[in-house]
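A.B. asks:
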Amino acid sequence: MTIEAPETKLCGACCSKLPKDAFAKKQWQYKQLRRCKSCVESKVDIDTAKANTGTSDASNATKMKSGKKKGKHKKPKPVFAGNQEAMHKPTKGDFNCKLASDICGWCGKAEENEKLHSCSACKNILYCSRACQKADYPEHKLVCEQMKKDRKDSKKERKSVEKRGAFTMSEASGLGSFCLAKEADMTYATYVGELRGDEEPGNHFATDAARDGMKILLGPQNFKIFSRHMRDQTLKAQGTFRRIEFFTDVSELYPVDQFLLSCGPMPDLALAKSTLPMVLCQLRLEGLMPNGFVPDIGDIKVRGYSLNALEWAARRGNYSIAEWLATDPRTKVMRIRNDSAPVAWACYTNKVELAKMLVKLGANSHATTQAVFSNKPATHLASENGQLLALKYLVEECGHDIHELDFSGQDIRASMRINNKMWGSVAGCVACEEYSKSKGVKGEIDRRNTKTKVYYETEEKASEDQLVIALKKLKIAGGREEGTDSDEDVEGNDDNDNPGDYLSELLAVADARYELGQYVKAGGIYYRAYYAALHKSNCVNDPAIFPIAHKLTLAWMKTDDESYIRQAHGMAQQNCMMPGHPPYIRKDLSDVEKVMTRKGIDIQRFGMW
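So the sequence shown is numbered by UniProt numbering: it starts at 1 and just counts up by one.
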């Protein structure tokens, strides 16, 4: 017959291991420091220095109970490379685990059945009883007053920040990101992903008016210090696509930036309506786009972020602004453009009513763009962000196929697990997972049906078909593709051959060859079309010649041949000297010179600065 040894615990006062009878019931229940009955009666305090040395031994002694057999623990299953079992299960864990602050500041008792009480002065330290608070007071009083002061200062600072209207918002797309932050009376916008024109990365003032406003706000001395700091940050940002612009008021910005911000993170319908005429006027002054099209309001997009005004209003949930943009004759083109996906962005942030309004007005709910995280379907976009209502709306009311794969061959469940690692701890994502599962989605990656390969093969086949069609149209128009060396050769072969008579058909052939990567042939055709357009026009700086010159420069620049690159440089200089040239012509000159510098080709400018 085996006799079990009595369980013992360590007394924190006399440092003796005593049985249960030697302690009061409450003292016996304490998990760390306790006093026996004799020490309590003799008013002997706990010696923390001695008690801590025996705590580990006492805790081990508590666990060692003879005669009690512990169950065998199962060994974890081995995890092999490529095992994706955990990908299909949400993360499990105790979200109500005890924090370090939920224990008594003296004896270390955790809050279980009894509620711990905080210090009435600093409200930072918790105690299980009045006795523990008294025992800890000699040490706690040294920091209590400072804790109380820090708490009050922090509260005042929060109220001051809220009163000044400080905020920070950050958003990302498949092409870049945008961040807007306000501190006191200073606001700064961060653009990541794209630099336009002569813009440089780093910290800059948004406009000259913003510089003057910042100087008034900071004062002369602080303004010098701030400007020096901006220059240092600009030097560090060289080689990146990150640009930060500072301003004190929206009115200091250019009309385009005022229009976009008033439609997005700083909603102001009146400001958007008042700045729209100036934005449209600026579009008309810029002339034709590089592709020869007349620009419209849909071509105005946030730098790097690449969302137009309607997409931004839809993502931010600005219902009245989105409704105005979708119905106004000057802006409604953004609703139907192929490179605009306002419904997808509305569903991404669960703005279902706004999405319904756009669809009712004629917007395409299936539309997606490169900015929508690499042409992601709208259903995938809503599911990854945990928007169940938006997902149901797209599937049940708009007729979206919930089994649709993205360009990587992922269905909606697999896409969510891969792109949102925290999906298991987000209730909305788990709900979308269950909904997709109930609809029969398997949650697999089908590499055989990957859209990426099919997409590029389809694009190449379409470009080849486009070339065949363009050559047929050129033949019907009585034109020819040969004779691109000079106009004199063409005229010598056939006096009746005038490229200006079939200029549009000739450009269609050049565009098709450019898309197929046939840059030498495309450049020769563009060169012929350029001079045909010059002879056809009554003025030297006809706006129609600049898009052709832009394509010609790009084609020769991509040949990687030094002679063609030099010709592209000369063409870019020639067009920069023409009055009324659009901004992208000057950018072409800068791009060509960058290529020449990289290849070690000497740069010679004629008749310029």
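Glycine residues also receive a C-beta, built at the ideal position from the N, C-alpha and C atoms.
How many whole angstroms separate the CB atoms of W556 and A544, which I take to be in contact at a CB cut-off of 8 Å?
C.D. replies: Along the sequence shown, read from residue 1 onward, the residue named residue 556 stands at position 556. Along the sequence shown, read from residue 1 onward, the residue named residue 544 stands at position 544. 20 Å between Cβ atoms; not a contact.
A.B. asks: Touching or not, the region 376–386 and the region 411–419, by the rule of three or more beta carbon pairs under 8 Å?
C.D. replies: Touching, per the Cβ criterion.
A.B. asks: I'd like the ranges of any beta strand (DSSP E) spanning at least 3 consecutive residues and lying wholly in the region 286–330.
C.D. replies: The region 286–330 contains no whole beta strand (DSSP E) run of 3 or more residues.
A.B. asks: For I525, count neighbouring C-beta atoms within 10 Å of its own C-beta (all shown protein chains included) and say buried if the count is 16 or more, exposed if not.
C.D. replies: As a first step, residue 525 must be located in the sequence shown, where it is residue number 525. Buried is the call here.
A.B. asks: Have a look at E171 and A181 and give me their C-alpha separation to the nearest angstrom.
C.D. replies: Within the sequence shown, the letter at position 171 stands for residue 171. Within the sequence shown, the letter at position 181 stands for residue 181. About 12 Å.
A.B. asks: Are residue 620 and L552 touching if we call contact CB-CB under 7 Å?
C.D. replies: Lying before the first or after the last residue shown, residue 620 is absent from the chain, which here runs from 1 to 609.
A.B. asks: According to the Cβ coordinates, are A470 and V509 closer than 7 Å?
C.D. replies: Position 470 of the sequence shown, counting from 1, holds the residue named residue 470. Position 509 of the sequence shown, counting from 1, holds the residue named residue 509. Result yes, Cβ atoms of A470 and V509 sit closer than 7 Å.
A.B. asks: In the DSSP assignment, find the alpha helix (DSSP H) that holds L10 and state where it starts and stops.
C.D. replies: The residue you call residue 10 lines up with position 10 of the sequence shown. Segment T8 to L10 is the beta strand (DSSP E) holding L10; no alpha helix (DSSP H) there.
A.B. asks: Which residue marks the beginning of the alpha helix (DSSP H) containing I601, and which one marks its end?
C.D. replies: Taking the sequence shown and counting its residues from 1, one reaches residue 601 at position 601. From DSSP, I601 is part of no alpha helix (DSSP H); its letter is neither H nor E.
A.B. asks: Would you call the region 122–131 in contact with the region 141–150, where contact means no fewer than 3 C-beta pairs closer than 8 Å?
C.D. replies: Taking 8 Å as the limit for Cβ pairs, the verdict is that the region 141–150 does touch the region 122–131.
A.B. asks: Thinking C-beta only, is E245 closer than 7 Å to A209?
C.D. replies: For the purposes of this step, residue 209 is taken as the residue at position 209 of the sequence shown. For the purposes of this step, residue 245 is taken as the residue at position 245 of the sequence shown. Not in contact: A209 and E245 (Cβ atoms no closer than 7 Å).
A.B. asks: Could you check the C-alpha separation between K472 and K376 for me, to the nearest Å?
C.D. replies: Reading the sequence shown from its first residue, position 472 is the one you call residue 472. Reading the sequence shown from its first residue, position 376 is the one you call residue 376. Near 36 Å, if we compare the C-alpha coordinates of K376 and K472.
A.B. asks: Is V372 near A326, with beta carbons less than 7 Å apart?
C.D. replies: Here the question's residue 372 lines up with position 372 in the sequence shown. Here the question's residue 326 lines up with position 326 in the sequence shown. No; because the gap between Cβ atoms is not below 7 Å, this pair is not in contact.
A.B. asks: What is the rounded straight-line gap between the Cα of F606 and the Cα of T190?
C.D. replies: On the sequence shown, position 606 is the one that residue 606 refers to. On the sequence shown, position 190 is the one that residue 190 refers to. Distance between the alpha carbons of F606 and T190 is about 38 Å.
A.B. asks: Give me the Cβ distance between S365 and L389, rounded to the nearest whole Å; I'm assuming they're in contact under 8 Å.
C.D. replies: As a first step, residue 365 must be located in the sequence shown, where it is residue number 365. As a first step, residue 389 must be located in the sequence shown, where it is residue number 389. The Cβ separation is near 14 Å, so there is no contact.
A.B. asks: Need the endpoints of the beta strand (DSSP E) that L180 sits in, please.
C.D. replies: As a first step, residue 180 is located in the sequence shown; it is residue number 180 there, counting from the start. Taken as a continuous stretch (DSSP letters only), the beta strand (DSSP E) holding L180 covers S177 to E183.
A.B. asks: Please check the pair Q282 and L271, which I expect to be a contact at CB under 8 Å, by giving their CB distance rounded to whole angstroms.
C.D. replies: Translated into the one-based positions of the sequence shown, residue 282 becomes position 282. Translated into the one-based positions of the sequence shown, residue 271 becomes position 271. Q282 to L271, Cβ: 16 Å. No contact.
A.B. asks: Take K109 and list the residues in its own chain whose beta-carbon comes closer than 7 Å to its own, dropping the five residues that flank it on each side.
C.D. replies: Looking up residue 109 in the sequence shown gives position 109. These residues qualify, in order along the chain: Y30, K31, I103 and C128.
A.B. asks: Would you call the region 319–336 and the region 195–203 touching, i.e. three or more CB-CB distances under 8 Å?
C.D. replies: At 8 Å Cβ cutoff, the stretches do not touch.
A.B. asks: Per DSSP, what kind of secondary structure is M578 in: helix, strand or coil?
C.D. replies: If you number the sequence shown from 1, residue 578 lands on position 578. Coil, per DSSP.
A.B. asks: For G202, report the span of its beta strand (DSSP E) as first-last.
C.D. replies: Locating residue 202 in the sequence shown gives position 202, where the first residue counts as 1. Residues G202 to F205.
A.B. asks: On the premise that A549 lies in contact with L503, defined as a C-beta separation below 8 Å, what is that separation, rounded to the nearest angstrom?
C.D. replies: As a working note, residue 503 is residue 503 in the sequence shown. As a working note, residue 549 is residue 549 in the sequence shown. Contact flag wrong, Cβ pair sits at about 14 Å.
A.B. asks: According to DSSP, is residue 650 helix, strand or coil?
C.D. replies: For the chain, the structure presents residues 1 to 609; residue 650 sits outside this window and is missing.
A.B. asks: Would you kindly report the start and end of the unbroken alpha helix (DSSP H) that includes R528?
C.D. replies: Within the sequence shown, numbered from 1, the residue matching residue 528 stands at position 528. Element bounds for R528: Y519 to K536.
A.B. asks: Check each candidate in D153, E353 and R598 and name the one with the smallest Cα separation from E397.
C.D. replies: Stepping through the sequence shown from its first residue, residue 397 is reached at position 397. Checking every option, the nearest Cα to that of E397 belongs to E353.
A.B. asks: Measure the C-alpha to C-alpha separation of A572 and N498 and round it to an integer number of angstroms.
C.D. replies: Walking along the sequence shown from the start, residue 572 turns up at place 572. Walking along the sequence shown from the start, residue 498 turns up at place 498. Distance between the alpha carbons of A572 and N498 is about 25 Å.
A.B. asks: Can you name the start and end residues of the beta strand (DSSP E) that F167 belongs to?
C.D. replies: The residue labelled residue 167 in the question sits at position 167 within the sequence shown. Its beta strand (DSSP E) spans residues F167 to A172.
A.B. asks: Which value, in whole angstroms, describes the spacing of the CA atoms of P277 and E481?
C.D. replies: One-based indexing of the sequence shown puts residue 277 at position 277. One-based indexing of the sequence shown puts residue 481 at position 481. Those two C-alpha atoms are separated by around 43 Å.
A.B. asks: What does DSSP give as the partner residue(s) for E41 in the beta ladder?
C.D. replies: Your numbering for residue 41 matches position 41 in the sequence shown. BP columns for E41 are empty, so no partner.
A.B. asks: Here's the rule I'm using: 16 or more other beta-carbon atoms within 10 Å means buried, otherwise exposed. How should E311 be labelled?
C.D. replies: Position 311 of the sequence shown, counted from the first residue, corresponds to residue 311. E311 comes out buried.
A.B. asks: Taking buried to mean at least 16 other C-beta atoms within 10 Å of its own C-beta, is P579 buried or exposed?
C.D. replies: Counted from its first residue, the sequence shown places residue 579 at position 579. Result: exposed.
A.B. asks: Considering Y393, what are the terminal residues of the beta strand (DSSP E) in which it resides?
C.D. replies: Translated into the one-based positions of the sequence shown, residue 393 becomes position 393. Taken as a continuous stretch (DSSP letters only), Y393 belongs to no beta strand (DSSP E), being part of the alpha helix (DSSP H) at L388 to E396.
A.B. asks: Which residue or residues does DSSP assign as beta-bridge partners of V192?
C.D. replies: Along the sequence shown, read from residue 1 onward, the residue named residue 192 stands at position 192. V192 is bridged to S177 and R242.
A.B. asks: Excluding the five sequence neighbours on either side, which residues of its own chain have a C-beta within less than 8 Å of the C-beta of A24, listed in chain order?
C.D. replies: For this step, residue 24 is matched to residue 24 along the sequence shown. Contacts found: K37 and V40.
A.B. asks: Please list, in chain order, all residues of the same chain as S262 whose beta carbon is under 6 Å from its beta carbon, the five residues on each side excluded.
C.D. replies: Along the sequence shown, read from residue 1 onward, the residue named residue 262 stands at position 262. Correct list, in chain order: D268, L271 and A272.
A.B. asks: Just reading off the beta strand (DSSP E) that L18 is part of, what are its end residues?
C.D. replies: Translated into positions along the sequence shown, residue 18 becomes position 18. Unbroken beta strand (DSSP E) run through L18: K17 to P19.
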